[in-house]
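Structure first, commentary second.
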Amino acid sequence: MIYYVAAFSLILIGTYAVLVKKNMVKIVLGLSLIDSGVNILLISLGYIKGKTAPIFSTPALKAQNMVDPIPQALVLTAIVIGLAVTALALTIVIRLYDHHKTLDISKIRELKW
Amino acid sequence: MNTIPLILLLLFGSALLAYFVGKINFVLKVGIALAGLLVSSYFFLTLYGLSEKFIFHLAGFELTWQINSLSWFFGMLIFGLGILVAIYSTVYMRGKERVDFYCFALCTTIASMFGIVVSGDLLSFFFFWEIMTWSSFLLVIYYRYEAQTAGIKYFVMSAIGAYSMLIAILMIYARLGSFSFQALSAGWQGFSLGTQIAIIILFVMAFGVKAAMMPLHTWAPEAYAISPSSFTSLFSGVLSKMGIYGFVLLFYVFSAGKLSASFVDIHGTSLPGYILAWFGALSALIATLIAIVQDDAKKLLAYSSVGQLGYIILGLGLGSSIGVSGALFHAVNHTIFKGMLFLAVGAVFYRTGTRKFSELGGLISRMPYTFFVVLLGIITIAGIPPLSGFGSKWLIYEAIIQKKMVFLAVVTFAASTASFMYCYRLIFGIFLGQRDEKYDDVKEVPWAMRGPMLLLSLFTIYLGFYPYHLLNLIAEVEKTVLGIHPFAYGQSVLFSRFGSVDTMTVMNVVAVVFVIVFVLFSLLYKRSRKVGLKDIHTSGEIPGEEINLHYAIDFYQPFSRGVGAVLKRSADRLYMNFASNMEGLFDMMRYIYTGNGQTYVMYVIVFLAFVLAFSSWLI
Amino acid sequence: MYLDPVLMIAVPLFAAFLIPILGKINKNIAKYVPVLVIGFNLYEAVMLLPVSMIKPVIVIIAAWRPPLGINLTIGPLGNMLALIISLVGFIVSIYNIKFVEEEPNEKFHMLFMLLVAGATGMVLTGDIFNLFVFLEITSISSYALTAFIRHRDSAEAAFKYLVIGSISSTFVLLGVALIYATTGTLNMADIAQKIQSVDPKIAVTAMILLVTGFGVEAEMFPLNGWAPDAYSQAPTPVSAAFGGIVVKAGMYGLARLIFTIFNFHGIFYFLLIMGIITLLIAEMSALRQKQIKRMLAFSSIGQMGLVMMALGLATQEGVVGGLFQMFNHAIIKPLLFLSAGYLVFYSGSKNIEDLDGMGRLKPLTSFFFAFGAFAIMGLPPFSGFWSKLIIISETIRNGFVVLAALALIGSVIEAVYYLRVVGRLYFKKPHEGERTHYVHPTAIVAMTLLTLIVLFVGLYPDFLMTYLKPAAAELLNKSAYIKDVLTAGL
Amino acid sequence: MSPMNIIWMIAMPFIGAAIGLLYIGISRNITARVQNRFGPPPYQNIIDIIKLYSKKTAITHGVMFHLGPVLAITGTISTLMFVPILTGNYPIYLFSFQGDLILLMYIMVFGCLAMALGAGQSGNPNSAIGVSRGLTQMFGYEVPFVIALIILMVRFDTSSVLDIIKAQDTVAHWNIFRSPFSFIAAIAAFLGMMGNKPFDIVFAPAEISSGPPSEYGGKYLALMQTNRGLFAFVKLVLYTDLFLGGAGDFITLILKTFALFLIPLFIGIVNPRFRTEQAMTFFWKWPTAIGVVGLVLVLL
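Protein chains in written order, with the working numbering: chain S, 2 to 114; chain C, 18 to 636; chain Z, 737 to 1226; chain R, 10 to 309.
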């Protein structure tokens, strides 16, 4: 349960940051937070209390005793994607800062209407 | 191979060919266009009296192309004027830029008009209708710098009309599951009254725009004035007839003459027809009043065109055989005289470079042939016997009075009288009065331009005394397609229940009297001495040669004072205001896109929250 | 004869990462790689077409049969869209050969191929998580491409796009998570089968999350804030690719979700209404745009609104119309963007008012633009006519006369702003100043190809309709889809 | 076609012109008497015309200038051919079987328009102004005129003049009594048509030096004057046919037409001239209103 709470609070905090914070770095941070939240959520979906990692480390280990492996695979992918997005976002933020000398998103609105 | 697709293929093919091959030289492109037209009109002539059908499937819809007497009748107008215009263009367009483009658009327009009249189903009708709209739009904007607003206005009004037609067509399709005219006329009575009203209104919007019916006419004056004159004559003479063709279809083919089954009758005409007749009559009157005060010859003719089309619409609305015959007869006349007049004005423009009455004058001795054409043209347009305009107007008036629609008759007669005024204005402003010195060297236009005009004037004389063949054709149309019992007519005698007129006698009387008087007058008395136009009686003052006393500016000033109340109001201004207000309103919409990334994210979140909140509705 | 369809994704991906290496060897090779690779994709898509029309091609990867393994499901719909994507990609890559001069151009080609690979993957995959992954590949390459030109505005547009896009992809991931939590599977056919037994509240929540996520790519109002900026600031071929590829893939995701996976009828009405709202607002916003590409972007949104409306009808004919419209839009909008790109290139300004008199200076490019404008307005005999006709016809047949009328009002507005631009091109006097640029033949080839397709489809729509009908049927008949996928490899 | 008819056809224009000119001469006398002076003899106009015909110089400004008067009188004679002149025992129908009222309405205009064209080529701005005024006024008076004719046509359910005459077999059946509204409207229009005083804006000698004919002289003017007389006669005969039951013989014809002729004359003597737009709008007020009442009555 605690995982769900953590996941959702991360998502909410991230969303808050994206919606309210003017600083673009903080927005990117918010995006990362949302990502992490969702990842935790995914992991916790597959987590079953008292089960072990889905690796056949010992022959005695049965599939019933493992947690669901698929969410973990998914999360791995998602993390990579999230990383890529964050990296790209930060480069763009750097470029924006170069051009505009500010990180305030509300001041960067040359494209409108 | 079936002839109808062959003709269409030929026409569209020559359009494309003229465009692509025509890059090489002038003769080639005009030649191709003309040859394509001539060959296809030969094939068209072979279709006379036949009723062919060509059915095929496209995009899952069944399409029918067919020829019957009605389509032949309108096809005759298209090809007749089309060829003359093409011949005229060979000289008129020489030396102008982008002639290939012109030829392409001209051929496409003619092809699409032919497509319209051979359409046996609503879908191909709409298909060709749209092609006609854009190809004629291309010609309207031919003079690039000046034409933008006129062109866009034309296109937008046409688009509104066409889309309302589309809705009507698809409403019919949704109910009948078929686009064909036959299915429609069979299934018309199954529609509820509301559907019938909606369909009629939507169709009338579409056809009214093309037929320049008041108050949907506002595109016409500008578009007519701005397009090349050679095309304008086709535009006004034939293209606007497509609207008339549409009205014929709507009132006599689609509804199969059963409108009175669901609507009340007024004076023996079903209510929609009666309303249409009023629209026609008011168009005739108001457009005529506006035409009188124009200074631009083509605008004058444009308004006059609106007025004359009003007569045709009026005749169609009446619904009796004599009214419909009058309307179709007048349609032919309108094609002829509008063709003549626009070509003649084009000829004047070709030589002088202006169309304004205030700048022209006294060209009669310089361009006598053109003058003659205009003279016959205005006599026809005014409906004065013995030329053909009288015959059609006579039929329409008889039809109105037979139905005892007295107020309609008053309005129509008044419009007709008023048309004398602009007729005179047209001929006086250009050909009579004193001539400006700079036009002293103006020459008559070449024969390739004179020929088409003179040919058309021969037609109006011929139809003036012997309309028998044309009436036969019209009677054939009425019998076979429209389901109306044709009225009685003789070789040259038109009968109504009311009275009759013998066009041959009228023509003979006028001709004989004229010849006698002319001969007596010219022979018995001494030859007259000719003096210049500026050698006039001016109460002692002797104005110099260079002073031009041509009375052309504000010619009907007292008149415009008298009817100022009518002239002051303008549907055009109303629409333009409406359009700019709407545009301002629409413009507000783009402020949704604030440019702030966070706002956009906010939209996403709000959207999500909103949909989640109402998610129970989605289940 | 077609090769393994996996290659349609694998080859562009592989080539994409090969390009930087090739670029080291010879700068010029990089230019031609995309043409070849996407040409291969096009070949594959065409060759697959007759096969997939009869029975969906299910490619099982690594011998894990559905629902367990990841699989590609190439039904008529997926194949059609793959065809559209590779066709547009191919033509745009021809155009790219000369147009993209800005350094580092091999990176551009790399990203472009990633974009195509991602979009192709989206339409071919049968796995919902893969759908998400490919969506991300597409989006990330789009963000990067948007920012490709080193200009302050491009970066701004890219950032907005990125923020909205990544938020929305998070929603997609959340939706996937929810689905997985409740059904325990990621295979779309399997989900479709099992979703029946899931609590509808959860299912609907998952659907809304996914619809929101894909709605961003599909430019649904109000999720389309990124579109005008990104379209107008991205390099021209990228704008064309947005219109022809990214949005199509997004729309495919949306359609797949609501037709195949979920089973809620309310969503169709919702889509219908959102479609008309999107259409109207976009057309109204486009009316007074000052920049040509921004105007085209709004027009693009409007077209997608029409597609949504058609899909929202959820009838065979309606969906055919919607797919037809997607095809048309995918062909015509690149034509407009590509020609507008050259016009902008000549005039050196993105503003419409600086395009005065281009019709005289650059007759060919202006002709292409005017042609595209006429085609997208839905005038016969161009292809746009048929799709619009079918959509409006279906709308009216289903009794939504008012919606049809509103859509047509949108068309009238569209006519006004397109004609204004065309008018400026042809009527106004050109500005002073010398222009020495010439259209490169590759660009002419690209635009001519598009023009010919438009004309051919317009004159002979049946050709396309025969393929669109099974595609629409696939969307509407989910049980057949489920059966085909789940029994594959048996 | 009987020889008698042919003779009448040839003779009638001359007779008509003579009568018309005589009326105009008499009108000059009457006007003079009212103004307390002696006018010229009634036949003065005819003498004038003969003099003009025999004048040696004739100046023309061009083809249309030449053709204008010719066409004008052609129009008038053609109109005459379609008006039944005498009914009774020795009828003079000419061609009136072959045309109806609508034809008459239009063919009457032929002459006016031709004259306007001729005047147009004279190059004199006064002529053009006159024409402009004339057409404007014509638009005015045609409205009540048309209303009057429509009342008659609808009432008798025919557009043939002969049938309308036939319906007025006794004095009590004359349309002047049976359709008074129509008659009033028609008479108002008649004032305009005749161009007498309040409506003489076309010729207005003091303003635009007699307008359209101002450049005409010699044989042209002679022809125009002939035309004027003949046209007056035609109109009078037509009104007689329509409202006074036609005429059985020449004496009746002359009495009736002269009576009609006096109406505009007397009105004209005591009235000043209208402005052009006043003249036009005048016809749209009372005459039209009265006509509309007639229209409503005939419909009921």
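Positions of the beta carbon are idealized from the N, C-alpha and C atoms, including for glycine.
Simplified DSSP state of residue i, which is helix, strand or coil
i	result
R/Ser168	coil
C/Val548	coil
C/Asp519	strand
Z/Leu795	A small fix is needed here, since residue 795 of chain Z is Val in this sequence, not Leu. Residue state, collapsed to three classes: strand.
S/Met67	strand
Z/Ile885	coil
C/Thr126	helix
C/Lys373	strand
S/Thr59	coil
Residue i, enclosing beta strand (DSSP E) - first and last residue
i	result
C/Glu677	Nothing in the structure corresponds to residue 677 of chain C, since chain C is present only between 18 and 636.
C/Gln83	78 to 83
Straight-line Cα distance separating residue j from residue i
i	j	result
R/Gly139	C/Phe143	51 Å
R/Gly303	R/Ala194	9 Å
Z/Leu1185	Z/Gly857	25 Å
Z/Arg1160	Z/Gly949	39 Å
Z/Ser1123	Z/Leu1191	14 Å
C/Val134	C/Met259	8 Å
Z/Thr809	Z/Tyr1217	9 Å
C/Ile417	C/Leu602	46 Å
R/Thr266	C/Ala364	49 Å
C/Leu266	Z/Leu1016	33 Å
R/Ala181	R/Ser188	11 Å
C/Leu318	Z/Ala1022	37 Å
C/Tyr269	C/Tyr171	28 Å
Z/Gln929	Z/Ser1036	35 Å
Z/Tyr712	Z/Gly775	This structure cannot speak to residue 712 of chain Z, because chain Z is shown only from 737 to 1226.
According to DSSP, residues forming a beta bridge with residue i
i	result
S/Asn24	S/Asp105
Z/Leu1097	Paired residues: none, contrary to the question.
Z/Leu914	Paired residues: none, contrary to the question.
Z/Gln1184	Residue identity check: residue 1184 of chain Z is Thr in the sequence provided, not Gln. DSSP lists no partner for Z/Thr1184.
C/Asp138	C/Ser197
C/Phe512	C/Ser517
C/Tyr485	Paired residues: none, contrary to the question.
C/Tyr506	C/Leu511
Z/Leu819	Looking at the DSSP assignment, Z/Leu819 forms no beta bridge with any residue, so it has no partner.
Z/Gln1027	Z/Asn1087
Start and end residues, alpha helix (DSSP H) containing residue i
i	result
R/Val118	110 to 129
R/Trp17	12 to 43
Just checking, does the stretch 819 to 837 of chain Z make contact with the stretch 979 to 986 of chain Z on the three C-beta pairs under 8 Å criterion?
-> yes
Report yes or no: do three or more beta-carbon pairs, one from the stretch 239 to 258 of chain C and one from the stretch 125 to 134 of chain C, lie closer than 8 Å?
-> yes
Indicate whether the contact test is met: 3 or more Cβ pairs, each with one atom in the stretch 230 to 237 of chain R and one in the stretch 160 to 171 of chain R, closer than 8 Å.
-> Contact between the stretch 230 to 237 of chain R and the stretch 160 to 171 of chain R is absent, because fewer than three Cβ pairs lie under 8 Å.
Contact the stretch 243 to 254 of chain R vs the stretch 40 to 53 of chain R: 3+ CB pairs below 8 Å | no
Is the stretch 1102 to 1122 of chain Z touching the stretch 146 to 160 of chain C in the sense that three or more CB pairs, one from each, lie closer than 8 Å?
-> yes
Would you check if the stretch 53 to 61 of chain C and the stretch 22 to 34 of chain C touch, i.e. whether three or more CB-CB distances between them fall below 8 Å?
-> yes
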